[in-house]
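Numbering (the numbering used here), first residue to last: 11 to 749.
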């Protein structure tokens, strides 16, 4: 970064560090004499008024300028995609709709520029352009992709295909508030964007106050977008086929007087009058779309304009900057000079931004305050008797039903069906939300169970609701969870950074691999457990393995009462013996593990079997009998909350908001996992056993865990295929003892 400039005497202080200033636009004295958003107002009063159109165009170019300068300052970042959306974003702001989310992480510098211009970033010490450049793409600054921790921004963005979930969650929780979501045509090929919105509209037909804004610019990151050859009529029909009542499309080509070639054009190359005409079409079109969405019509807005409009280069080449792209490189310098505004214009842009929506987004966005939710009180935990055979999933289902009755906003999502997971009691109590009312299937339009056959849509709505401050629960088969997990991971990281409290994301994955023998390997994919296990080091991700029906209730209570965390429960849908009382269960969930059995004495030394899971305890207890007859003192420890078994330095808990630092101390750990031999056993993957293996002082340690799926008739046969049998456990202990 080498470009320098002297701040003009009449420039606002926030402009310090801007490299270029321009002359006032034509007719500025007439149309820029006062802010179009009047004092005490939240939006312009007439989108067709010339001064409103004029000042919205000023705002669009201000956004382009800031976006390009901060990217150029680091020779890094993504200016092109947002640049093609600038008129639409500015229109939304001038109309007072500032609860804007996006599907496009690469629009981050544009969104940061908006938060800079409305003064929201002052909350994090960014007061002028010098600060903005210094903090862009730096740790503790403005991340390369959107972070929900940035003041004024509602949600993270990075992985494509997620933004619509946040918009729908916001719309559901805040009737009467518009939640626009910008969607790039480059990411439009993500599999679930439109189908997720279509299912949501069938389930919640009265919730239309979210507005998809398609930024149709013809390009993706490094090539043309896959929808670049569609005609306007085909694109409108595509949206209508996904249940949108009204689709408003504004095509920059219709206003082109610069003789540009191709279907996509750059509006900044038009004559000034045509730029204003285009801006008026966008502003009035967005106003009409917002009115429709807030008025009960399922509405979408499409802005068709060339990628990179108004920055240094067009098309996919504008997507990101490289080391050669500095403030002094000819293309960057020319683009900045072209977009540069006069000091008076910058002051006007700041005034409109600061008034839009009722004030800076850092003060007015719905996610800047803690959402008040229903108080739950004491959970009605059912203390099943030791030795009783109970289905863990069903025991949890009763609690889920209770939570739903206490909290009308609570939503359960499940693509695979609660009945199939032995949780029909949830459907009985809360009902599946469905336009077809049918008591046989527990269907009714007002239900609290959301069941698209799409894990992404299930995870997306559940994650969005939690991030925006409401309770939710995502239920799935463990084997299919990978299809929805990316947004849960995104939101978990966002929650780690949040400056406010919000309910944790809670998931429960039933039908573990051992219960799905007859379905073969397609339903036996517990490898995702290692994904979860790796995330435990993040600081706010918890992987819970309930031992039985009592422990799963305690685990769910623990998860629901937590904040700013990601809670994942893995449990069975088969009847299994109860091994801990409710009092023991609640203590064990918080502590991390519980002793299930201790022989007390043994002439051949002490063996500790550390186990994650519930069904896998059947061969473990059977092996215990054999080993004790051979003279071993056998201890069986259920590893329930392995995150608490890490050492504090192993986990980034000190970096997250609302941190849980209740790690098991060394004395308690070594009292629990004593013995000369330690064998970790899992019916799933071995990753969750890492903290036990790291801290154990046993002279010999090993693991028995899942290998791969196969078609079998019984869980026992499947465990045998994976080497988890009485014989293999005994043989492993013999080998370790001999070693």
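The beta carbon of each residue, even a glycine, is placed where N, CA and C say it ideally should be.
Please read these numbers as outputs of a predicted model, since none were measured by experiment.
At what residues does the alpha helix (DSSP H) containing residue i begin and finish?
| i | result |
| --- | --- |
| residue 66 | 60 to 84 |
| residue 35 | Here residue 35 belongs to no alpha helix (DSSP H), and DSSP marks it neither H nor E. |
| residue 359 | 353 to 365 |
| residue 701 | 700 to 705 |
| residue 599 | 592 to 601 |
| residue 424 | Careful: residue 424 lies outside any alpha helix (DSSP H), inside the beta strand (DSSP E) at 421 to 424. |
| residue 678 | 676 to 682 |
| residue 25 | Taken as a continuous stretch (DSSP letters only), residue 25 belongs to no alpha helix (DSSP H), as it is neither H nor E. |
| residue 126 | 118 to 127 |
How about residue i and residue j: do their beta carbons lie closer than 9 Å?
| i | j | result |
| --- | --- | --- |
| residue 520 | residue 434 | no |
| residue 691 | residue 599 | no |
| residue 603 | residue 563 | no |
| residue 125 | residue 80 | no |
| residue 84 | residue 331 | yes |
| residue 73 | residue 99 | yes |
| residue 360 | residue 141 | no |
| residue 420 | residue 405 | no |
| residue 591 | residue 548 | no |
| residue 3 | residue 365 | Residue numbering for the chain in the displayed model covers 11 to 749; residue 3 lies beyond these limits and cannot be assessed. |
| residue 107 | residue 155 | no |
| residue 227 | residue 171 | no |
| residue 304 | residue 97 | no |
| residue 565 | residue 652 | no |
| residue 275 | residue 268 | yes |
| residue 296 | residue 57 | yes |
With burial defined as no fewer than 16 other Cβ atoms inside 10 Å of the residue's Cβ, what is the status of residue i: buried or exposed?
| i | result |
| --- | --- |
| residue 387 | exposed |
| residue 216 | exposed |
| residue 725 | buried |
| residue 9 | Here the chain comprises residues numbered 11 to 749, so residue 9 is not present and cannot be evaluated. |
| residue 475 | buried |
| residue 282 | exposed |
| residue 316 | buried |
| residue 143 | buried |
| residue 444 | buried |
| residue 385 | exposed |
| residue 236 | exposed |
| residue 468 | buried |
| residue 149 | exposed |
| residue 16 | exposed |
| residue 380 | exposed |
| residue 457 | buried |
Between the options, which has its C-alpha nearest residue i's C-alpha?
| i | options | result |
| --- | --- | --- |
| residue 645 | 122, 605, 158 | 605 |
| residue 408 | 733, 468, 662, 390 | 390 |
| residue 221 | 25, 251, 176 | 176 |
| residue 250 | 272, 207, 239, 213 | 207 |
| residue 681 | 707, 315, 359 | 707 |
| residue 574 | 490, 537, 665 | 665 |
| residue 578 | 473, 320, 180 | 473 |
| residue 376 | 354, 187, 714 | 187 |
| residue 539 | 548, 555, 609, 529 | 555 |
| residue 551 | 533, 586, 614, 668 | 668 |
| residue 576 | 546, 601, 588 | 546 |
| residue 87 | 162, 146, 70 | 146 |
| residue 399 | 373, 586, 694 | 586 |
| residue 459 | 723, 423, 284, 617 | 423 |
| residue 76 | 95, 299, 123 | 123 |
| residue 352 | 210, 211, 457, 25 | 25 |
| residue 616 | 432, 607, 101 | 607 |
| residue 321 | 340, 310, 210 | 340 |
Start and end of the beta strand (DSSP E) containing residue i?
| i | result |
| --- | --- |
| residue 643 | 643 to 649 |
| residue 190 | 189 to 194 |
| residue 713 | 710 to 714 |
| residue 455 | Run containing residue 455: none; DSSP gives neither H nor E here. |
| residue 224 | 220 to 226 |
Please decide whether residue i counts as near chain B, where near means a Cβ-Cβ distance under 9 Å.
| i | result |
| --- | --- |
| residue 54 | Of the protein chains in the structure, only one exists, and it is not chain B. |
With a cut-off of 8 Å, do at least 3 Cβ pairs link the stretch 57 to 72 to the stretch 187 to 199?
no
Would the stretch 274 to 289 count as touching the stretch 241 to 259 if we require 3 or more Cβ pairs under 8 Å?
no
Would you call the stretch 356 to 376 and the stretch 48 to 57 touching, i.e. three or more CB-CB distances under 8 Å?
yes
With contact counted as at least three CB pairs below 8 Å, one residue from each stretch, are the stretch 254 to 264 and the stretch 344 to 361 in contact?
no
Under 8 Å: do the stretch 104 to 113 and the stretch 162 to 176 share three or more Cβ pairs, one atom per stretch?
yes
For the stretch 404 to 422 against the stretch 432 to 446, do three or more pairs of beta-carbon atoms, one drawn from each stretch, fall closer than 8 Å, so that the two count as touching?
yes
For the stretch 486 to 494 against the stretch 527 to 536, are there 3 or more C-beta pairs whose distance is under 8 Å?
yes
Using 8 Å as the threshold, is the stretch 730 to 746 in touch with the stretch 688 to 702, meaning 3 or more CB pairs across them?
yes
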